[in-house]
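Following: one structure in structure tokens, then a few remarks.
Number of protein chains: 2
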Amino acid sequence: MSESKIVDVARRAKVSVATVSRVLNRSEQVSEKTKQRVLKAIAEMNYTPNAMAKNLRSKRTMTLGIVVSDIEVSYYAEIIKGVENMANSLDYKIIICDAQNKQERELEYVSLLQNRTVDGMIFVTPYMTSKELIAVAEEGYSIAVIGRYIEHESIPCAFTDNVKIAKDVVNHLLEQGHERIAFLSGYADAIDSYERLEGYMKALRDAGLPFIPDLIDNGDFNESGGFRSFLRLREKNDAFTAVFAANDEMALGVYKACRELSIQIPSELAVVGVDNIRLTKYVTPKLSTVEQPKYTMGALLTEKLIDQMNHNEFSDRRVFKVDSKLLVRESSSYAIERSSNQGEANTS
Amino acid sequence: MSESKIVDVARRAKVSVATVSRVLNRSEQVSEKTKQRVLKAIAEMNYTPNAMAKNLRSKRTMTLGIVVSDIEVSYYAEIIKGVENMANSLDYKIIICDAQNKQERELEYVSLLQNRTVDGMIFVTPYMTSKELIAVAEEGYSIAVIGRYIEHESIPCAFTDNVKIAKDVVNHLLEQGHERIAFLSGYADAIDSYERLEGYMKALRDAGLPFIPDLIDNGDFNESGGFRSFLRLREKNDAFTAVFAANDEMALGVYKACRELSIQIPSELAVVGVDNIRLTKYVTPKLSTVEQPKYTMGALLTEKLIDQMNHNEFSDRRVFKVDSKLLVRESSSYAIERSSNQGEANTS
DNA sequence: AAAGATATTGTAATCGATTCCATTCAGTGA
DNA sequence: TCACTGAATGGAATCGATTACAATATCTTT
Numbered sequence: 001m002s003e004s005k006i007v008d009v010a011r012r013a014k015v016s017v018a019t020v021s022r023v024l025n026r027s028e029q030v031s032e033k034t035k036q037r038v039l040k041a042i043a044e045m046n047y048t049p050n051a052m053a054k055n056l057r058s059k060r061t062m063t064l065g066i067v068v069s070d071i072e073v074s075y076y077a078e079i080i081k082g083v084e085n086m087a088n089s090l091d092y093k094i095i096i097c098d099a100q101n102k103q104e105r106e107l108e109y110v111s112l113l114q115n116r117t118v119d120g121m122i123f124v125t126p127y128m129t130s131k132e133l134i135a136v137a138e139e140g141y142s143i144a145v146i147g148r149y150i151e152h153e154s155i156p157c158a159f160t161d162n163v164k165i166a167k168d169v170v171n172h173l174l175e176q177g178h179e180r181i182a183f184l185s186g187y188a189d190a191i192d193s194y195e196r197l198e199g200y201m202k203a204l205r206d207a208g209l210p211f212i213p214d215l216i217d218n219g220d221f222n223e224s225g226g227f228r229s230f231l232r233l234r235e236k237n238d239a240f241t242a243v244f245a246a247n248d249e250m251a252l253g254v255y256k257a258c259r260e261l262s263i264q265i266p267s268e269l270a271v272v273g274v275d276n277i278r279l280t281k282y283v284t285p286k287l288s289t290v291e292q293p294k295y296t297m298g299a300l301l302t303e304k305l306i307d308q309m310n311h312n313e314f315s316d317r318r319v320f321k322v323d324s325k326l327l328v329r330e331s332s333s334y335a336i337e338r339s340s341n342q343g344e345a346n347t348s
Numbered sequence: 001m002s003e004s005k006i007v008d009v010a011r012r013a014k015v016s017v018a019t020v021s022r023v024l025n026r027s028e029q030v031s032e033k034t035k036q037r038v039l040k041a042i043a044e045m046n047y048t049p050n051a052m053a054k055n056l057r058s059k060r061t062m063t064l065g066i067v068v069s070d071i072e073v074s075y076y077a078e079i080i081k082g083v084e085n086m087a088n089s090l091d092y093k094i095i096i097c098d099a100q101n102k103q104e105r106e107l108e109y110v111s112l113l114q115n116r117t118v119d120g121m122i123f124v125t126p127y128m129t130s131k132e133l134i135a136v137a138e139e140g141y142s143i144a145v146i147g148r149y150i151e152h153e154s155i156p157c158a159f160t161d162n163v164k165i166a167k168d169v170v171n172h173l174l175e176q177g178h179e180r181i182a183f184l185s186g187y188a189d190a191i192d193s194y195e196r197l198e199g200y201m202k203a204l205r206d207a208g209l210p211f212i213p214d215l216i217d218n219g220d221f222n223e224s225g226g227f228r229s230f231l232r233l234r235e236k237n238d239a240f241t242a243v244f245a246a247n248d249e250m251a252l253g254v255y256k257a258c259r260e261l262s263i264q265i266p267s268e269l270a271v272v273g274v275d276n277i278r279l280t281k282y283v284t285p286k287l288s289t290v291e292q293p294k295y296t297m298g299a300l301l302t303e304k305l306i307d308q309m310n311h312n313e314f315s316d317r318r319v320f321k322v323d324s325k326l327l328v329r330e331s332s333s334y335a336i337e338r339s340s341n342q343g344e345a346n347t348s
């Protein structure tokens, strides 16, 4: 047990506690020979400073919180990885807060900030409103947001352009000859859903195609929600030839439904998702999707947040609009599907 | 900003700090009317107790650490989820420690215990030796281990019987008519690898089959390692008709190699993995594997660890040997593969 | 109504570090 | 040798809570 405290070290090295503290923190202020003496005592006693006492005095915990709506979803897992690595390299630890898909739990974690358990917090949650997030920041807490733009000078944010994502997807499907494209949205009140719907509508309008409300349904960003949503969609209007799912998980739900209904992808139905989670490359046919630099957003924003916390002033650059990239794979391209299948079967 | 401290509340409610502290912690000891007065003051000032001060005084942080070798691997993600949920329900937070597949980083996290950043730690790491883990416990720190048996009264551990897992898999393959079964191990010095190899050898011996060293190779528990390992195996001895991979990730590496070499699974080669990660159900053909109750192990052990920390005595039950279950799917059963494929194509 | 028991409240020490301010020490120039 | 300067060191307050102990108020009981 690391029982020894700073006074024990001081006693052993025959110096005051102040001196021990100095060699630990600002060793340039102490003479070489006492410094060696103290270091020796520290080593002999196997002393490590008590982090709790340190925190109390310095008013910092060197810990960050990250709130995600479900750790198991690999979209979040990759962001966490980015956050964790950057945080560690800057000597911070991270506490993960899993809202477990329950909207109300997201805000609960703000208490970690209030009682000083963490120095700052990163929110990766589609449900909390901008207003709620801004309110937290205005109480004086350091927060950052991944996944959307926030109109507030003290909140760093990183996000991709959801409207562009949706337009890219829809344009791609139009190019493939699809004219009746269904949109499988996430929760209706999630910001991502809203913006992607907007892009979907814009792209249709630009192409001179009508907007048909029956071609839209709301899932819940999960596979099972996508499954149910797709079935509802078919009941309302089964004339569509392509589905744009607001994320990959829901697209997988569509896959499942198609398997049960014996609908061939992509020959009978094209499917495109968003996020480029790992699974997309393993399913058959491989799922077309949109890549977002998840790891990078996590790392970038963590660096920014820590920087801002430590300098206590808002940096010039706080808004990071990162690039997304459409990845056309087998699920939305009949040509690709056929040649690729052959390739996989015959290449040695 | 939650600037107010306990003295401010005391002043406002016209009581002493001790009284305020009492209504916060042991409210039965204070009269109803002063209690109400204090509560009112707390609410009016929006006071929250400073966790750092609390920690220092109580010598507890209500935080647990969990060390895994890679958060992105879904095997760990599910364990984390179990740990996190149980921890939260007992008012603990968890700090995740990602060793990022670097063996030397695992032990570094022990410093979190030494400096009292966490009250206890859960290790889910195949690389650290039992000796190292026991040494940590004997310094007086609370730890628990998932994934293997530890011979030490103060360390709760949960694990599946690796020997049994391997025997189940090999017996299953023998039943399918395979006689030359390759074993794709993980890191040679990981405990899991060692135990599974043992089970593999035992099952062969029991069946009266020879043990052929050329049918064994070491991967690294990752997909890419499985890929390379499989190619090496083929160079050494390509007469095998089945592969038992020490985990699913490596089995996926085998899939990849087979695709490149145009080897049909399962007709030309049967493949079985271990862990039942989510991906196994999405690949074609679906991967046979062994289910381990990951979430349950995480939750169970967390509960045990916290209980032990708080009662400061070792509980009667600290060793949890949980059941594993062989899941035969398409990759190791030609019959199942054919009917299942037909099923997927035709069922409505 | 007094004495003793019990319930309520307050004072002050404590947790283990950091750091301001004061003091001591060594070195320099006159 | 003395006064002065800057460097090195020490003493003690401080961070914000909890809690042992002491003091006071309230309630029983006779």
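Protein sequences appear in the order of chains G and X.
Position 108 (the first sequence) corresponds to 108 in UniProt numbering; numbering is contiguous.
Position 84 (the second sequence) corresponds to 84 in UniProt numbering; numbering is contiguous.
All C-beta atoms, glycine included, are put in the ideal place defined by N, C-alpha and C.
Under three-state DSSP, which class holds residue i?
i	result
Ala239 (chain G)	coil
Thr160 (chain G)	strand
Leu269 (chain X)	coil
Glu291 (chain X)	strand
Val7 (chain X)	helix
Phe221 (chain X)	coil
Phe123 (chain G)	strand
residue 349 (chain G)	Not covered by the structure: residue 349 (chain G). The range shown for chain G is 1 to 348.
Ser69 (chain X)	coil
Ala87 (chain G)	helix
Ile277 (chain X)	coil
Give a yes or no on whether 9 angstroms exceeds the smallest Cβ distance from residue i to chain X.
i	result
Val319 (chain G)	no
Gln111 (chain G)	The sequence given here places Ser at residue 111 (chain G); Gln does not occur at that position. Ser111 (chain G) counts as touching chain X.
Gln114 (chain G)	yes
Leu84 (chain G)	Leu is not the amino acid found at residue 84 (chain G); the sequence shown has Glu there. Chain X contact via Cβ: present.
Asn222 (chain G)	no
Asn88 (chain G)	yes
Assuming the contact rule is C-beta atoms closer than 8 angstroms, residue i and residue j should be a hit. Round their C-beta distance to whole Å, please.
i	j	result
Tyr187 (chain G)	Phe221 (chain G)	7 angstroms
Asp168 (chain X)	Val243 (chain X)	Between Val243 (chain X) and Asp168 (chain X) the Cβ distance is about 15 angstroms, and since that is not below 8 angstroms, they are no contact.
residue 353 (chain X)	Asp119 (chain X)	Since the displayed chain X opens at 1 and closes at 348, residue 353 (chain X) lies outside it and no answer follows.
Arg22 (chain X)	Val30 (chain X)	5 angstroms
Gln292 (chain G)	Thr160 (chain G)	5 angstroms
Phe320 (chain G)	Leu300 (chain G)	6 angstroms
Val272 (chain G)	Ile165 (chain G)	Not really, about 10 angstroms apart at Cβ, beyond 8 angstroms.
Gly253 (chain G)	Gly225 (chain G)	7 angstroms
If you draw a straight line from the C-alpha of residue i to the C-alpha of residue j, how long is it?
i	j	result
Asn85 (chain G)	Phe227 (chain X)	27 angstroms
Pro266 (chain G)	Ala182 (chain G)	14 angstroms
Asn247 (chain G)	Met201 (chain X)	45 angstroms
Asn101 (chain X)	Thr302 (chain G)	22 angstroms
Gly199 (chain G)	Lys256 (chain X)	36 angstroms
Gln114 (chain G)	Ala144 (chain G)	16 angstroms
Glu260 (chain G)	Thr117 (chain G)	49 angstroms
His178 (chain G)	Asp323 (chain G)	26 angstroms
Asn46 (chain X)	His311 (chain G)	27 angstroms
Asp192 (chain X)	Tyr149 (chain X)	11 angstroms
Phe123 (chain X)	Ser74 (chain G)	22 angstroms
Arg12 (chain G)	Glu3 (chain G)	14 angstroms
Answer yes or no: does any C-beta atom of chain G fall closer than 9 angstroms to that of residue i?
i	result
Glu78 (chain X)	yes
Ile96 (chain X)	yes
Leu231 (chain X)	no
Lys81 (chain X)	yes
Arg278 (chain X)	yes
Thr61 (chain X)	yes
Ala53 (chain X)	yes
Arg338 (chain X)	Residue confidence is low: Arg338 (chain X) scores 40 on pLDDT, short of 50, so the model does not pin down where it sits. Its coordinate-derived value is still stated next. No, no contact with chain G.
Closer than 8 angstroms by beta-carbon distance: list the chain X residues that pair up with residue i, in chain order.
i	result
Ile306 (chain G)	Within 8 angstroms Cβ-Cβ: nothing; Ile306 (chain G) doesn't reach chain X, min ~16 angstroms.
Ile71 (chain G)	Ala77, Ile80, Lys81 and Glu84
Show which residues of chain X have a CB atom less than 7 angstroms away from the CB atom of residue i.
i	result
Val283 (chain G)	Tyr282
Going along chain G in order, which residues have a C-beta closer than 7 angstroms to the C-beta of residue i?
i	result
Pro49 (chain X)	Asn115
Leu56 (chain X)	Met52, Ala53 and Leu56
Identify the contact partners of residue i in chain G, using a Cβ-Cβ distance below 8 angstroms as the criterion.
i	result
Glu330 (chain X)	Result: empty, since nearest Cβ-Cβ is about 12 angstroms, beyond 8 angstroms.
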